[in-house]
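J.:
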Amino acid sequence: MTSLNTHEARGARLRRLVLTNRIALLAVLIVLVVAYFFVLDAGGYLTADYDFDYLSAALINAVPLAMLGLAELLVILSGRGGIDLSVGSIVSLAGMVFGVVYGQWGWPLWAAIVLTALVGALLGAVNGFLVAYVGFPALIATLATFYGYKSLAIVLTDANPISTPPIQNLFSITRSVELPVIGRDIPNVPLGLITFLLPTVVVVWLLVARTTYGRRLYAIGTNDVAARWAGLPVRGTRFKAYTYAGLISGLVAVVTVAQFASARPDAGVTGNGMALPAITIAVLGGVAITGGIGRVAGVVLATLLVVWLNAGILLAFVGNAGAQYQLLALGAVLVFAALLNGLTTRRYGLQGGSR
Amino acid sequence: VSTGADEVRGTGGAAGRQPARRRLLPAAMTGQELVLVGVIAVIWVVLALRTPAFLSADSLQPLLVATAPIALVGVGMTVVIITGGIDVSVGGALMVCAVLSAKALVAGVPSALAVLLSVLVGGLLGAVNGLLIAYGRVHAIIITFGTANLFLFAGLQIFDSQTVNGIPPGFDVFGRGEAGRTLGVPHAFLITLVVGAAAWWYLRHTAGGRHFYAIGGNPDAARLAGIRVRRRILLAYLLTGLLVGLGACFLIAQGTSTLDQSVGSGKELAVIAAVVIGGTSIMGGRGSVLGTLLGALLVQSVTSGVTQLGWRSQLSDLFVGLAIIVAVGADLLRLRRS
Chain B
41 MTSLNTHEAR GARLRRLVLT NRIALLAVLI VLVVAYFFVL DAGGYLTADY DFDYLSAALI
101 NAVPLAMLGL AELLVILSGR GGIDLSVGSI VSLAGMVFGV VYGQWGWPLW AAIVLTALVG
161 ALLGAVNGFL VAYVGFPALI ATLATFYGYK SLAIVLTDAN PISTPPIQNL FSITRSVELP
221 VIGRDIPNVP LGLITFLLPT VVVVWLLVAR TTYGRRLYAI GTNDVAARWA GLPVRGTRFK
281 AYTYAGLISG LVAVVTVAQF ASARPDAGVT GNGMALPAIT IAVLGGVAIT GGIGRVAGVV
341 LATLLVVWLN AGILLAFVGN AGAQYQLLAL GAVLVFAALL NGLTTRRYGL QGGSR
Chain A
-18 VSTGADEVRG TGGAAGRQPA RRRLLPAAMT GQELVLVGVI AVIWVVLALR TPAFLSADSL
42 QPLLVATAPI ALVGVGMTVV IITGGIDVSV GGALMVCAVL SAKALVAGVP SALAVLLSVL
102 VGGLLGAVNG LLIAYGRVHA IIITFGTANL FLFAGLQIFD SQTVNGIPPG FDVFGRGEAG
162 RTLGVPHAFL ITLVVGAAAW WYLRHTAGGR HFYAIGGNPD AARLAGIRVR RRILLAYLLT
222 GLLVGLGACF LIAQGTSTLD QSVGSGKELA VIAAVVIGGT SIMGGRGSVL GTLLGALLVQ
282 SVTSGVTQLG WRSQLSDLFV GLAIIVAVGA DLLRLRRS
């Protein structure tokens, strides 16, 4: 009897854990998705092999997605309706700057990357200034700069893409490399994952989870009036969140230029743009749109889920129908995650993405 | 502040009634809207000086036709934003409605029925948003980001990877041509004006309209005051959806006989831009339809102005961005001062 009760209690606890802890939920979903496509693959229903090599190669798509997701994490955490619609436009504009200085003026690569990141940070700082110091609602300020940066990116080179030889050679960043020591036993990993994504993840994690700045960010996002009375520099903290988001977008610009082997003036805004998927990733990762709640691990896991789901969908359909079903999956997952947040809040009195 | 008009009107004595109404109802035209009229006038004068043909009917009629769909959807978006919500799925919804009604026209459905179909489908999509937001208790921007993807998927599926060709000219009553005008005024613009005027009156002078402001101002207070908050919110998204359906017909009428997958793309941001330039507060509780109509006209004037001056057309986005900053910035300054 007793053992049955503890068994039940364990089941309820497990359910509660999966429902209220976003990271546990995402981990379960990732396993389910990958297992499902492995089964489909074993049954011969896919147009190509869905194996560990494919999963690893698909990670190249995770680089821009996760980085921009982390950028959104920072601004959404900062609260007061924080959001950044302009990240895609920053990617376009900073990417064109990178194209000009690296592809046309022949700057060394490191200098070009530093400049591009600084341009991104500057563009983000404009957002931060408008939101934190002037008091614009974030949605409005970044909607305006979305339009502005998008336009400037096109005007800068008269709508011409830049794909000179140095830019084309950058494509090597997307190639997969064997990791040292353990590389024999695991699939090769896309280079961009190690050179761009991993450092960004580590730095952002250190920033939000291990520095005073991070604690301030959570504090102003949770209650910015209380934070002000506690003597925190509310405006400066919020301003920096947007600046860092711009800086990350600048780095994504370099990745994007390398991936396309061309600096395209519409790189970050074609189709659905880059901002929408990035915000989706952040929300899916358990970042509360009201601010103050969210973790780096959630964003990373949400990216893995979406990337591997998309990779599977691509193989499950012939032709470009797969790209359409990716939209369906992204939308369905987002609505599901949002409704689940609401449900768990009511049922357990907790925010679903609690930290 | 702006929500107590009805109670006062109902209970106040004859003597106190007039001043109370004047104090509680916002002015018929706010400073923001006057400024917008001024800015539009300046743009038009500058354009007229540069290209004298600008103020001719041939140039103004297409401008008004192009303004119509953004302004029309903007009316719905204004109501949504007044309740404190937002709808970023209107681009996807426009696509679904446009491709469905275009296919219906090609299949020989009479144009009146095709319009009806488009409006009904739009209403359905809006109701999906409204139900999820009002009863799922989830932030509007999250849900509509999600449904935006779902609507895009549905639209692309209906397109079936090819353009819709040979659309019969059934929607020309909404178009740029001779068939789309009465006494020189484009029908699309006229319909938008009528819808806008009705919404303006409803929001300003009926109890039901004021409820939207009450919800945007403070949803909890609104609920305690007896307003059916969820039903109102559902209604706001439903209304937006219905107008999206009609707006989609305008879009088809403006295009050629071929409809491609880019229809509706980016329109959600254009609509939101028009609404916020018009002085509606994104925080909810404040805003007007008149401002939105002027905002849409301003955006379209800038866009066609840039083309007429022979500048690169994408430069217009820069001016739209600046217009948002200036318009909302001026509003912020005014709020801070008062």
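Chains as they are written, first to last, in the working numbering: chain B, 41 to 395; chain A, -18 to 319.
Beta carbons: idealized from backbone N, C-alpha and C, even for Gly.
1. Please tell me whether A/Met76 has its Cβ less than 8 Å away from any Cβ of chain B.
2. Beta-carbon within less than 7 Å of A/Leu223's beta-carbon, same chain only, minus the 5 sequence neighbours each way: which residues are those?
3. Starting from A/Trp292, trace the alpha helix (DSSP H) both ways and give me its first and last residue.
4. In the DSSP assignment, find the unbroken alpha helix (DSSP H) run with A/Phe193 in it and report its ends.
5. Short check: CB of A/Thr173 to CB of A/Ala22, under 8 Å?
6. Which complete alpha helix (DSSP H) runs does the segment 190 to 258 of chain A hold, if anything under 4 residues is left out?
7. Determine, using beta carbons only, whether B/Trp175 comes closer than 8 Å to chain A.
8. Quick one: Cα of A/Ala(-14) to Cα of A/Ala179, how far?
9. Would you say A/Val54 faces chain B, with C-beta separation under 8 Å as the test?
10. Note down the Cα distance separating B/Asp198 from A/Tyr183, rounded to an integer number of angstroms.
11. With three or more C-beta pairs closer than 8 Å as the rule, is the segment 278 to 288 of chain B touching the segment 147 to 164 of chain B?
12. How would you call A/Leu232, buried or exposed, if buried means at least 16 neighbouring beta carbons within 10 angstroms?
13. Strictly by DSSP, which residues pair up with A/Thr163?
14. Using only the alpha-carbon positions, how far apart do B/Asn139 and A/Ser82 sit?
15. Along the chain, where does the alpha helix (DSSP H) containing B/Phe77 start, and where does it finish?
16. To test your reading of the DSSP string, which unbroken alpha helix (DSSP H) runs of 4 or more residues are found completely within the segment 135 to 200 of chain B?
17. Is B/Leu370 near the ligand FMN, judged by its Cβ being under 7 Å from some heavy atom?
18. Here's a check: name, in chain order, each residue in its chain whose Cβ is nearer than 7 Å to the Cβ of B/Val166, leaving out the five neighbours to either side.
19. Which of the three DSSP states is assigned to B/Val346 in this structure?
20. For B/Pro230, list the residues DSSP reports as bridge partners.
21. Go ahead and pull the three-state DSSP assignment for A/Val119.
22. Quick check: the Cα distance between A/Phe155 and A/Val46, rounded to an integer number of angstroms?
23. Using the three-state DSSP reduction, which class does B/Val340 fall into: helix, strand or coil?
24. Is the beta carbon of B/Ala303 less than 8 Å from the beta carbon of B/Met136?
25. In terms of residue numbering, what span does the alpha helix (DSSP H) encompassing B/Arg255 cover?
26. Given a limit of 7 Å on CB to CB distance, which residues of the segment 250 to 277 of chain A reach chain B?
27. Compare the Cα-Cα distances from B/Ile321 to each of B/Ala97, B/Ile116, B/Thr60, B/Val74 and report the closest residue.
28. Is it buried or exposed for B/Asn381, if we count other Cβ within 10 angstroms and need 16 for buried?
29. Would you mind working out which of A/Phe193, A/Ile148, A/Glu159 sits nearest A/Gly268, comparing C-alpha positions?
30. Is B/Lys280 close to chain A, meaning its C-beta is less than 8 Å from at least one C-beta of that chain?
31. Can you tell which of A/Thr288, A/Leu296, A/Thr261, A/Glu249 has the C-alpha that lies nearest to the C-alpha of A/Asp68?
32. Determine the extent of the alpha helix (DSSP H) in which B/Thr277 is found, giving its start and end residues.
33. Considering only C-alpha positions, which residue in the set B/Val248, B/Val336, B/Ile319 is nearest to B/Ile329?
34. Are any of the Cβ atoms in chain A nearer than 8 Å to that of B/Val292?
35. Could you compute how far the alpha carbon of A/Leu97 sits from the alpha carbon of A/Cys230?
36. Could you check whether the Cβ of B/Leu105 sits closer than 8 Å to any Cβ belonging to chain A?
T.: Put simply:
1. Taking the first residue of the second sequence as position 1, residue 76 of chain A is located at position 95. No, no contact with chain B.
2. In the second sequence, counting from the first residue as 1, residue 223 of chain A sits at position 242. Taken in chain order, the residues that qualify are Val100, Gly103, Gly104, Gly107.
3. By 1-based counting over the second sequence, the position of residue 292 of chain A is 311. Taken as a continuous stretch (DSSP letters only), A/Trp292 belongs to no alpha helix (DSSP H), as it is neither H nor E.
4. Looking up residue 193 of chain A in the second sequence gives position 212. 188 to 198 is the extent of the alpha helix (DSSP H) around A/Phe193.
5. The residue labelled residue 173 of chain A in the question sits at position 192 within the second sequence. The residue labelled residue 22 of chain A in the question sits at position 41 within the second sequence. Taking 8 Å as the Cβ cut-off, A/Thr173 and A/Ala22 do not qualify as a contacting pair.
6. 200 to 205, 210 to 235, 248 to 258
7. One-based indexing of the first sequence puts residue 175 of chain B at position 135. Per the sequence shown, the amino acid found at residue 175 of chain B is Gly instead of Trp. Chain A, which has a Cβ nearer than 8 Å to the Cβ of B/Gly175, makes this yes.
8. Your numbering for residue -14 of chain A matches position 5 in the second sequence. Your numbering for residue 179 of chain A matches position 198 in the second sequence. Summary for A/Ala(-14): the model assigns pLDDT 42, below 50, so the residue's position carries little reliability; its value from the coordinates is reported in the next sentence. One C-alpha to the other measures close to 19 Å.
9. Against the second sequence, residue 54 of chain A aligns to sequence position 73. Closer than 8 Å to the CB of A/Val54 there is not a single CB belonging to chain B.
10. Taking the first residue of the first sequence as 1, we reach residue 198 of chain B at position 158. Taking the first residue of the second sequence as 1, we reach residue 183 of chain A at position 202. Roughly 47 Å separates the two Cα atoms.
11. yes
12. Sequence index remark: in the second sequence, residue 232 of chain A carries index 251 (1-based). Using a 10 angstroms sphere on the CB of A/Leu232, the tally of other CB atoms reaches 16 or more, which defines it as buried.
13. Here residue 163 of chain A corresponds to residue number 182 of the second sequence, with the count starting at 1. Paired residues: A/Val166.
14. Counting from 1 along the first sequence, the entry for residue 139 of chain B is found at position 99. Counting from 1 along the second sequence, the entry for residue 82 of chain A is found at position 101. In the sequence as presented, Asn is not what sits at residue 139 of chain B; that position holds Gly. Each residue's alpha carbon lies about 43 Å from the other.
15. Mapped onto the first sequence, residue 77 of chain B falls at position 37. In the DSSP assignment, B/Phe77 falls within the alpha helix (DSSP H) that extends over 62 to 82.
16. 149 to 168, 178 to 196
17. For the ligand FMN, the structure offers nothing, since it holds no ligand at all.
18. Taking the first sequence and counting its residues from 1, the one referred to as residue 166 of chain B is at position 126. Here the set comprises Thr185.
19. For the purposes of this step, residue 346 of chain B is taken as residue 306 along the first sequence, with counting starting at 1. Helix at B/Val346.
20. Reading the first sequence from its first residue, position 190 is the one you call residue 230 of chain B. DSSP lists B/Ser216 as partners of B/Pro230.
21. For the purposes of this step, residue 119 of chain A is taken as the residue at position 138 of the second sequence. Residue state, collapsed to three classes: coil.
22. For the purposes of this step, residue 155 of chain A is taken as residue 174 along the second sequence, with counting starting at 1. For the purposes of this step, residue 46 of chain A is taken as residue 65 along the second sequence, with counting starting at 1. One C-alpha to the other measures close to 8 Å.
23. The residue labelled residue 340 of chain B in the question sits at position 300 within the first sequence. Here B/Val340 sits in helix by DSSP.
24. The residue you call residue 303 of chain B lines up with position 263 of the first sequence. The residue you call residue 136 of chain B lines up with position 96 of the first sequence. For B/Ala303 and B/Met136, yes; Cβs fall inside 8 Å.
25. Here residue 255 of chain B corresponds to residue number 215 of the first sequence, with the count starting at 1. Element bounds for B/Arg255: 252 to 262.
26. When C-beta distances to chain B are compared with 7 Å, the residues of the segment 250 to 277 of chain A below that value are Leu250, Ile253, Ala254, Val257, Ile263, Met264, in chain order.
27. Residue 321 of chain B sits at position 281 when you count from the first residue of the first sequence. Checked all of B/Ala97, B/Ile116, B/Thr60, B/Val74; the closest Cα to B/Ile321 is B/Ile116.
28. Taking the first sequence and counting its residues from 1, one reaches residue 381 of chain B at position 341. By the 10 Å Cβ count, B/Asn381 comes out buried.
29. Working through the second sequence from its first residue, we reach residue 268 of chain A at position 287. Answer by Cα proximity: A/Phe193.
30. On the first sequence, position 240 is the one that residue 280 of chain B refers to. Chain A contact via Cβ: absent.
31. Residue 68 of chain A sits at position 87 when you count from the first residue of the second sequence. Comparing Cα positions, the closest option is A/Glu249.
32. Counting from 1 along the first sequence, the entry for residue 277 of chain B is found at position 237. B/Thr277 -> alpha helix (DSSP H) spans 274 to 300.
33. In the first sequence, the residue the question calls residue 329 of chain B occupies position 289. Checked all of B/Val248, B/Val336, B/Ile319; the closest Cα to B/Ile329 is B/Ile319.
34. As a first step, residue 292 of chain B must be located in the first sequence, where it is residue number 252. Cβ-Cβ to chain A under 8 Å: no for B/Val292.
35. The count along the second sequence starts at 1 and reaches residue 97 of chain A at position 116. The count along the second sequence starts at 1 and reaches residue 230 of chain A at position 249. Taking the straight line joining both Cα atoms gives about 10 Å.
36. The count along the first sequence starts at 1 and reaches residue 105 of chain B at position 65. Cβ-Cβ to chain A under 8 Å: no for B/Leu105.
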